[in-house]
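Student:
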Amino acid sequence: MPDMSASVSLAMTHLVPLAKEVDENKVTPGVLGFIVFAAMALAVWALMKSMSKHMNKVDFKESPDGEDTPAAGPGTTGKASPAKG
């Protein structure tokens with residue numbers, strides 16, 4: 075892997091004069107900050123929507139103790155089994 079210190083120092087020499095021109099009282103996140111924030115908001119929205127769909131698929135009804143479930147085959151105890159695909 076090449077040495078990154080040379081490119082970093084070269085970039086810093088070009089960016090430092092630009093940074094001195096910026097008014098320190100008026101620095102804002104800008105367009106890039108908005109894009110990053112909007113992308114994170116969309117990602118959270120998509121994850122919440124996906125979680126909601128998955129939670130709606132879960133059956134929270136419990137069967138009474140000692141009773142086999144109708145889907146249980148012979149030799150099963152009626153206890154919880156891994157979810158199917």
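Residue numbers (our numbering): 75 to 159. Don't be surprised by glycine CBs; every beta carbon is placed ideally from N, CA and C.
1) Using a Cβ-Cβ cut-off of 6 Å (strictly less than) and excluding sequence neighbours within five positions of S79, which residues of its own chain qualify?
2) Using only the alpha-carbon positions, how far apart do A117 and G107 sit?
3) On the three-state DSSP scale, how would you describe V101?
4) Please state the DSSP three-state secondary structure of S126.
5) What's the C-alpha gap between S126 and A120?
Tutor: With the structure as the only source:
1) By the criterion of a C-beta distance shorter than 6 Å, S79 is surrounded by no residue of its chain, once the five residues flanking it on both sides are discounted.
2) 15 Å
3) coil
4) The answer is helix: DSSP assigns S126 an H, G or I state.
5) 10 Å
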